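Here the structure is laid out as structure tokens; the discussion comes afterwards.
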Amino acid sequence: MTKAVRDGFGEALAELGARNKDIVVVDADLKDSIRLSAFAEKFPERFIEVGVAEQNLAGVAAGLALSGKTVFLASYAAFSPAINWNTIRISICYSGANVKIVGAHAGLMTAEYGASHEGTEDIALMRVLPGMVILVPADFDRAKALTELAAGYKGPVYLRLARPETPLIKCGMQNVQCKIGGSEVLQEGQELTIVSCGPIITEVIKAISLIGQIGVELINCYSVKPLDKTTILRSAAKTGKVLTVEDHSVIGGLGGAVAELLAKEYPLPLKILGVPDVFGESARNWEELLGKYHLDSKGIAETIRRLLAKT
Amino acid sequence: MPIKAPTELEKIARQVRKDAITMIYEAGSGHPGGSLSSTDILVALYFGGVLRYDPKKPNWPDRDRFVLSAGHYCPALYAVLAKAGYFPKDDLSTYAALGSALQAHPHNLSLPGIETSSGALGQGLSQAVGMALAGKMDNASWQVFCLLSDGDQDEGQTWEAVMLAAKYKLDNLIAIIDKNGIQIDGTTDQIMPLGDLAAKYRSFGWEAVEVDGHDTGGLIREIGGIREIRGKPKAVIARTIFGKGVSFMERNYAWHSKAPNKEELEKALEEMK
Chain P
0 MTKAVRDGFG
10 EALAELGARN
20 KDIVVVDADL
30 KDSIRLSAFA
40 EKFPERFIEV
50 GVAEQNLAGV
60 AAGLALSGKT
70 VFLASYAAFS
80 PAINWNTIRI
90 SICYSGANVK
100 IVGAHAGLMT
110 AEYGASHEGT
120 EDIALMRVLP
130 GMVILVPADF
140 DRAKALTELA
150 AGYKGPVYLR
160 LARPETPLIK
170 CGMQNVQCKI
180 GGSEVLQEGQ
190 ELTIVSCGPI
200 ITEVIKAISL
210 IGQIGVELIN
220 CYSVKPLDKT
230 TILRSAAKTG
240 KVLTVEDHSV
250 IGGLGGAVAE
260 LLAKEYPLPL
270 KILGVPDVFG
280 ESARNWEELL
290 GKYHLDSKGI
300 AETIRRLLAK
310 T
Chain F
0 MPIKAPTELE
10 KIARQVRKDA
20 ITMIYEAGSG
30 HPGGSLSSTD
40 ILVALYFGGV
50 LRYDPKKPNW
60 PDRDRFVLSA
70 GHYCPALYAV
80 LAKAGYFPKD
90 DLSTYAALGS
100 ALQAHPHNLS
110 LPGIETSSGA
120 LGQGLSQAVG
130 MALAGKMDNA
140 SWQVFCLLSD
150 GDQDEGQTWE
160 AVMLAAKYKL
170 DNLIAIIDKN
180 GIQIDGTTDQ
190 IMPLGDLAAK
200 YRSFGWEAVE
210 VDGHDTGGLI
220 REIGGIREIR
230 GKPKAVIART
240 IFGKGVSFME
250 RNYAWHSKAP
260 NKEELEKALE
270 EMK
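Chains as they are written, first to last, in numbering that gives the first Met the number 0: chain P, 0 to 310; chain F, 0 to 272.
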């Protein structure tokens, strides 16, 4: 069964709106696409439409939050935080405004729209901001849970959403409460640690089943910042090899965060699999585009094989 | 929110100017031109009975919100806030020093009385619009005031916010533009001509008035009149003199971001006696 991460977000947002009267949504003309419509229809008085104006989007969200509101601002990751980064930096982050920045249509999974719409730098842009929390849901259910988590946390959060319908992840400890700085071990193993985030994890799961490899420990690192250092370091110490997989640039993303952690705490061989230092491009389907950079299940399986073969 | 007599306002403004220049001298950096051009506006707002506030309760929910979009004017704002009683006047001497609550550009989490953070131009009006929207949602009685500079008008974000304020008919929002005609590298006519600002704001659906930004009585009167207008946001275009009160700084863009030396400080203080 496949369902979109953005749908999980939209559903959770409408539910939250009913429970919490302080929740306000600010949109930049992408209401339907980012699944804000249910909230907008139910709570029109708490839905602000700013038009195609991402800088104002962030500033207005900050002003609302500094007046006591819990604000979700939403746009595509390629526009927000890319266009309005300094407004997020000063008006939201430096001011400590309680704003949830929703970056939708992130990564190469937005293949149909081409490079201009494929935000592959957003995690890097958000990760350098002091105090910014970064959450990346891997499927529909986790999008719902992380939207709730973001709403309940007081302070700036970046919530990264993907566009397409992707499989629901059935493995893992679904009853464990997600938390800021948390992660979930989807599969335990002794030979290789894979740290990943977002729906690309479903490609990793497929890759593991393709090679029938049971030695892999797979960590869904949904909280890219703060990072669950304990779980990653414990796993790295056990397996002695780490691979990161993400639908984001290899520079500054989850791989960068894990590299910084390992370099400081536990240096060991690390492979960062992601979008190489290039712009994306358009493709008729996202699987094809991910395949170009070996980020589909087949490509990931090859990398796993190579890493396991190395002693 | 004490209401002072006109002569008293003049006296306060003179002291604020002296404090601001002294702070900039002591720090060795800061923005004298805009601090001096905006002083009378700030004094009118805080001591002319315009803003509703309580320095003993800086987070009082019913306070009017004041957003300084032109964050570099903060030496004047800090002097005003100290005079209003938000913090001891002695703190002014720590302006821009390591560890000081009086940051080189305003930071809400550092200093009471500061509503948000600024320093990057163009972000203040957006935040003021967000606050005004929150006020509307809550049927609040408080109003939002935002002070902008000429440079703020160059930023596209300001005009994004101007459009949105008109769309939502934010009559609880008043923008005050300190139109001193100077930006970092020259006059606005040289760098980016602003044309007829009042007409621009009006064409965007705002009410706009023009006023002498050094006539505190006139400012208080115009703001008092315009704030009663319903159904649209309001702009007060305050014509001011860059560096007002210090002869060698007036209208000279070299004093946008430059600290006076000892001799210049003494000369400035002497002129403002």
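Glycine included, C-beta positions come from ideal geometry on N, C-alpha and C. Since we're looking at a predicted model, the values are computed, not measured.
Is the Cβ of Asn138 of chain F closer than 8 Å to any Cβ of chain P? Along the second sequence, one-based indexing puts residue 138 of chain F at 139. Cβ-Cβ to chain P under 8 Å: no for Asn138 of chain F.
Helix or strand or just coil, what does DSSP make of Leu128 of chain P? Along the first sequence, read from residue 1 onward, the residue named residue 128 of chain P stands at position 129. Note: Leu128 of chain P maps to coil in three-state DSSP.
Rounded separation between Leu15 of chain P and Ala52 of chain P - CA only: Here residue 15 of chain P refers to the residue found at position 16 of the first sequence. Here residue 52 of chain P refers to the residue found at position 53 of the first sequence. Computed Cα separation, rounded: 25 Å.
Give, in chain order, every residue of the region 177-200 of chain F whose Cβ lies closer than 9 Å to some Cβ of chain P. When CB distances to chain P are screened at a threshold of 9 Å, not a single residue of the region 177-200 of chain F falls below it.
Quick one: which chain F residues come within Cβ less than 7 Å of Ser248 of chain P? Start at 1 with the first residue of the first sequence, and residue 248 of chain P comes out as number 249. Result: empty, since nearest Cβ-Cβ is about 25 Å, beyond 7 Å.
Quick check on DSSP: helix, strand or coil for Glu216 of chain P? The residue labelled residue 216 of chain P in the question sits at position 217 within the first sequence. Three-state result, Glu216 of chain P: strand.
Can you tell me the Cα-Cα spacing of Lys178 of chain P and Phe247 of chain F, whole angstroms? Here the question's residue 178 of chain P lines up with position 179 in the first sequence. Here the question's residue 247 of chain F lines up with position 248 in the second sequence. Computed Cα separation, rounded: 59 Å.
Short of 6 Å in beta carbon distance, which residues of its chain neighbour Gly70 of chain F, apart from the five on each side in sequence? Order them along the chain. Position 71 of the second sequence holds residue 70 of chain F. His104, Pro105, Ser117 and Gly118, listed in sequence order.
Is the separation between the beta-carbon of Lys68 of chain P and that of Ala133 of chain F shorter than 8 Å? Start at 1 with the first residue of the first sequence, and residue 68 of chain P comes out as number 69. Start at 1 with the first residue of the second sequence, and residue 133 of chain F comes out as number 134. Result yes, Cβ atoms of Lys68 of chain P and Ala133 of chain F sit closer than 8 Å.
Output, in chain order, the set of chain P residues within a Cβ distance shorter than 9 Å of Leu110 of chain F. As a first step, residue 110 of chain F must be located in the second sequence, where it is residue number 111. Here the premise fails: no neighbours, minimum Cβ distance about 12 Å.
Alpha-carbon to alpha-carbon, Gly290 of chain P and Leu267 of chain P: Walking along the first sequence from the start, residue 267 of chain P turns up at place 268. Walking along the first sequence from the start, residue 290 of chain P turns up at place 291. Taking the straight line joining both Cα atoms gives about 27 Å.
Minimum C-alpha distance to Leu97 of chain F - residue among F:Ser109, F:Arg201, F:Glu209 and F:Pro87: In the second sequence, counting from the first residue as 1, residue 97 of chain F sits at position 98. Minimum Cα distance to Leu97 of chain F is reached at F:Ser109.
Give me the DSSP bridge partner(s) of Arg233 of chain P. Here residue 233 of chain P corresponds to residue number 234 of the first sequence, with the count starting at 1. None; Arg233 of chain P has no bridge partner.
Backbone CA spacing between Thr239 of chain F and Asp177 of chain F [nearest angstrom]: What you label residue 239 of chain F is simply residue 240 of the second sequence in a count that begins at 1. What you label residue 177 of chain F is simply residue 178 of the second sequence in a count that begins at 1. Roughly 6 Å between the two C-alpha positions.
Would you please state the rounded distance, in angstroms, between the beta carbons of Gly252 of chain P and Glu245 of chain P? I believe it to be under 8 Å. Position 253 of the first sequence holds residue 252 of chain P. Position 246 of the first sequence holds residue 245 of chain P. Between Glu245 of chain P and Gly252 of chain P the Cβ distance is about 5 Å, and since that is below 8 Å, they are a contact.
Buried versus exposed, by CB contacts within 10 Å (16 or more), Ala4 of chain F: Here residue 4 of chain F corresponds to residue number 5 of the second sequence, with the count starting at 1. Counting Cβ neighbours within 10 Å, Ala4 of chain F comes out exposed, since fewer than 16 surround it.
Using three-state DSSP, classify Ile299 of chain P as helix, strand or coil. Counting from 1 along the first sequence, the entry for residue 299 of chain P is found at position 300. Three-state result, Ile299 of chain P: helix.
Three-state secondary structure assigned by DSSP to Cys73 of chain F: Sequence index remark: in the second sequence, residue 73 of chain F carries index 74 (1-based). In this structure, Cys73 of chain F counts as helix in the three-state DSSP scheme.
Please confirm if the region 257-272 of chain F is in contact with the region 37-44 of chain F, defined as three or more CB-CB distances below 8 Å between the two stretches. no
Would the beta-carbon of Gly106 of chain P fall within 8 Å of that of Gly197 of chain P? As a first step, residue 106 of chain P must be located in the first sequence, where it is residue number 107. As a first step, residue 197 of chain P must be located in the first sequence, where it is residue number 198. Closer than 8 Å, so yes.
Evaluate contact between the region 218-231 of chain F and the region 19-29 of chain F, counting only Cβ atoms and requiring at least three cross-stretch pairs below 8 Å. No, the region 218-231 of chain F does not touch the region 19-29 of chain F.
Quick check on Glu263 of chain F: does DSSP put it in helix, strand or coil? Position 264 of the second sequence, counted from the first residue, corresponds to residue 263 of chain F. In this structure, Glu263 of chain F counts as helix in the three-state DSSP scheme.
My parser needs the beta strand (DSSP E) runs of 3 or more residues fully inside the region 175-226 of chain F; what are they? 206-211
So Ile200 of chain P and Ile168 of chain P are in contact, right, with Cβ under 8 Å, and what is the actual spacing, rounded? Within the first sequence, residue 200 of chain P is the residue found at index 201, counting from 1. Within the first sequence, residue 168 of chain P is the residue found at index 169, counting from 1. Indeed, because the Cβ distance is near 7 Å, the residues count as touching under 8 Å.
Local Cβ density within 10 Å of Met0 of chain P, reported as buried at 16 or more and exposed below that: One-based indexing of the first sequence puts residue 0 of chain P at position 1. It is exposed - the Cβ of Met0 of chain P has fewer than 16 other Cβ atoms within 10 Å.
Given that a residue counts as buried once 16 or more other Cβ atoms are within 10 Å of its Cβ, and exposed if not, what is Asn260 of chain F? Within the second sequence, residue 260 of chain F is the residue found at index 261, counting from 1. Burial call: exposed.
Output yes if chain P places a C-beta closer than 8 Å to the C-beta of Gln122 of chain F; else output no. Numbered from 1 along the second sequence, position 123 holds the residue referred to as residue 122 of chain F. Proximity of Gln122 of chain F to chain P, defined by a Cβ-Cβ separation below 8 Å, is satisfied.
Proximal residues of chain F, C-beta to C-beta of Ala52 of chain P below 7 Å: Translated into the one-based positions of the first sequence, residue 52 of chain P becomes position 53. What Ala52 of chain P touches in chain F: Glu159.
By the criterion of Cβ-Cβ separation under 8 Å, what are the contact partners of Glu114 of chain F in chain P? The residue labelled residue 114 of chain F in the question sits at position 115 within the second sequence. Here the neighbours are Leu65.
For a contact meaning CB atoms closer than 9 Å, what does Arg321 of chain P contact in chain F? This structure cannot settle anything about residue 321 of chain P, because the visible part of chain P is limited to 0 through 310.
Label Gln122 of chain F either buried or exposed according to how many other C-beta atoms from any shown protein chain fall within 10 Å of its C-beta, with 16 as the threshold for buried. Position 123 of the second sequence holds residue 122 of chain F. Buried, because 16 or more other Cβ atoms sit within 10 Å of the Cβ of Gln122 of chain F.
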